[in-house]
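*Asks:* For reference, the structure I am asking about is given below.
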Amino acid sequence: MLDVKLLRERPDWAKQELAKVGFAVEAVDLLLECDSQRRRLQHQLDTERAQRARQSRELGRLSAEEREQARDEMRALGARIARGERELAELERRTEAMLLEIPNLPRPQVPVGEGENGNKVVRLELVPRAFDFEPLPHWDLGERLGVIDFERGVKLAGTRFYVMTGAGARLERALVDWMLDVKITEQGYLEVWPPLMVNSAMVLGSGHLPKFRDTMYRDAEEDFWFIPTAEVPLTNLYAGEILDASRLPIYLTAYTPCFRREKMSAGRDVRGIKRGHQFDKVEMVKVVAPEASDQELETLVENACELCRRLEIPFRVVQMCTGDLGFTAAAKYDVEMWAPGCGEWLEVSSCSNCADFQARRAQIRFRRGAGERPEFVHTLNGSGLGLPRTLIAVLENYQNQDGSVTVPKVLRPYMGGLEVIRPPESKRG
RNA sequence: GGAGAGGUGGCCGAGUGGUCGAAGGCACCAGAUUGCUAAUCUGGCGUACUGGGCAACCGGUACCGAGGGUUCGAAUCCCUCCCUCUCCGCCA
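All residue numbers for the first sequence refer to the working numbering, where the first residue is 6 and numbers rise by one.
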């Protein structure tokens, strides 16, 4: 959520910036009109309420007869105030609703562009391995290895669900364990085990509501929303709080399943495990002071890259242009692993600096020192990493001509020392 | 799920219709003082919106779990909901 004052005081600049992210800026004028009405009414109401308070106080000291007389006037004033209050509430509701639909402003260093084409590859590490055979896509590999079962996943739940068994299930678990260990022992993150369902205030705070209502699962009877990412509970961990500056920066990490409806992606990425309704992810969230967030984004990305590097999988970092930032990000990098089987770069991490956008929605503030005014923190989030796509990249990059898959060195301690995942046939032989 | 108790400022805790943004204490900050790692005294010490000074400031309004209601006026009375605690029931 943007600061209304910013829109009020620098409307032209704000509109110019919002145009860069592809927002229809006419909405700003509507909002400002509503806002100025709101302020006018607020001022009038304040005056009337002050008058009522003063006269009511005096009324207490009047004699019985005098009081009877004054009461009629006061009743009228009270009714006028009540009317004004209802009107004010409506105006507040409308301005708030509009404000909640306006996307974040880009940071100044973000390249201006309109969509994917404006994105820039800012880093490329490890050239793709040259295969002397035709690498298989993971859906073939997984089935041949007997570690991914698509049919039974559909039977159990429906399309976009799958089952992992044996070494596949263990590989998933190994990845989670290894990533978390790197986060907490080397990169300074605090491990968190959050609820997988949160209430609507939290999803509003993270910026998923109201705009992305249709992308989430929710309980039909109670105010529970299945988290689409651990970013939601992690970012909101300090919602409504005023933190002491000495606590910043806060680095949080969590492994959680994530749930997404994927209605908007109907027909896209239907094969394989790239895009499911449920997937595992290790998430990183940072809560930092405003002046630190740009630099913190760089290290956040680096934290994600380090995992790719240690898995020894080719990857690149893409800087999102203004047109591809999404709703909440003020700056964003995607980390993509190369998948030689399906022949595409897979987004395994998306790292965003949300600046004070989420902090304002969720009321996450900090105080620099005793007596200082509270300020909004900046929040950042990034995957570290998304599991299915990392798993795809592992399978496809580490596949061998005989259909087996070598286990990345860093994961072997988490796989009981297993070095190669072999198809059932070769196990027998 | 049933019964009971309760939700007040960073914390503890008064307050049952008007002068309460809210006593008192703790914590915290500033100053004073004391020959000493502390005590004492004085003052300050919430958030948001808003008007003016376009700055450290002064004023107004709102906020005592949330939302409604009664009233000239509500932290205080009524209703609904949420949450916490205790006991019982049920259960992974």
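Beta carbons: idealized from backbone N, C-alpha and C, even for Gly.
All of these numbers come straight from a predicted model, not from anything done at the bench.
I'd like to confirm the pairing. Which residues does DSSP put opposite residue 117 in its beta bridges?
*Replies:* Note: residue 117 sits in no beta bridge, so no partner.
*Asks:* Mapping DSSP to helix, strand and coil, what is residue 268?
*Replies:* If DSSP states are grouped into helix, strand and coil, residue 268 belongs with coil.
*Asks:* Taking the continuous beta strand (DSSP E) assigned at residue 358, which residues delimit it?
*Replies:* Residue 358 -> beta strand (DSSP E) spans 349-358.
*Asks:* Note the first and the last residue of the continuous alpha helix (DSSP H) segment covering residue 9.
*Replies:* Element bounds for residue 9: 9-14.
*Asks:* With H, G and I counted as helix, E and B as strand and the rest as coil, what does DSSP make of residue 61?
*Replies:* Three-state DSSP puts residue 61 in a helix.
*Asks:* With a CB to CB cut of under 7 Å and the five nearest residues on each side skipped, what residues in its chain are close to residue 366?
*Replies:* For residue 366, where only same-chain residues beyond five positions count, the Cβ hits under 7 Å are 6, 209, 210, 212.
*Asks:* Would you grab the beta carbon distance between residue 273 and residue 280 for me? Rounded to a whole angstrom, and I think it's under 8 Å.
*Replies:* Confirmed, about 7 Å.
*Asks:* To which residues does DSSP link residue 150 through a beta bridge?
*Replies:* None; residue 150 has no bridge partner.
*Asks:* What are the start and end residues of the alpha helix (DSSP H) that includes residue 304?
*Replies:* Taken as a continuous stretch (DSSP letters only), the alpha helix (DSSP H) holding residue 304 covers 298-316.
*Asks:* Can you round the beta-carbon distance between residue 190 and residue 389 to whole angstroms, since I take them to be within the 8 Å contact cut?
*Replies:* Not quite, the Cβ-Cβ distance comes to about 14 Å (not below 8 Å), so this is no contact.
*Asks:* Excluding the 5 residues flanking residue 312 on each side, which residues of the same chain have their C-beta closer than 7 Å to its C-beta?
*Replies:* For residue 312, where only same-chain residues beyond five positions count, the Cβ hits under 7 Å are 184, 187, 389, 390.
*Asks:* If you follow the beta strand (DSSP E) that residue 275 is part of, which residue opens it and which one closes it?
*Replies:* Careful: residue 275 lies outside any beta strand (DSSP E) and carries neither H nor E.
*Asks:* According to DSSP, simplified to helix, strand and coil, what is residue 379?
*Replies:* Three-state DSSP puts residue 379 in a strand.
*Asks:* Three or more C-beta pairs under 8 Å: does that hold for the segment 132-141 against the segment 336-349?
*Replies:* Touching, yes, given that three or more Cβ pairs across the two stretches are closer than 8 Å.
*Asks:* On the criterion of 16 or more Cβ atoms from any shown chain inside 10 Å, does residue 251 qualify as buried, or is it exposed?
*Replies:* With fewer than 16 other Cβ atoms within 10 Å, it is exposed.
*Asks:* Once DSSP output is grouped into helix, strand and coil, what is the label at residue 393?
*Replies:* Helix, per DSSP.
*Asks:* What residue range is occupied by the uninterrupted beta strand (DSSP E) comprising residue 189?
*Replies:* Element bounds for residue 189: not the beta strand (DSSP E) but the alpha helix (DSSP H), 172-190.
*Asks:* What whole-angstrom Cβ distance do residue 127 and residue 324 have, given they're in contact under 8 Å?
*Replies:* So it is a contact: roughly 5 Å between Cβ atoms.
*Asks:* Which same chain residues, not among the five before or five after residue 310, have their C-beta less than 8 Å away from its C-beta?
*Replies:* For residue 310, where only same-chain residues beyond five positions count, the Cβ hits under 8 Å are 128, 130, 320, 322, 340.
*Asks:* When you compare the CB positions of residue 387 and residue 306, do they come within less than 8 Å of one another, or not?
*Replies:* Closer than 8 Å, so yes.
*Asks:* Could you say if the segment 110-129 and the segment 365-384 meet the contact criterion of at least three C-beta pairs nearer than 8 Å?
*Replies:* No: fewer than three Cβ pairs fall under 8 Å.
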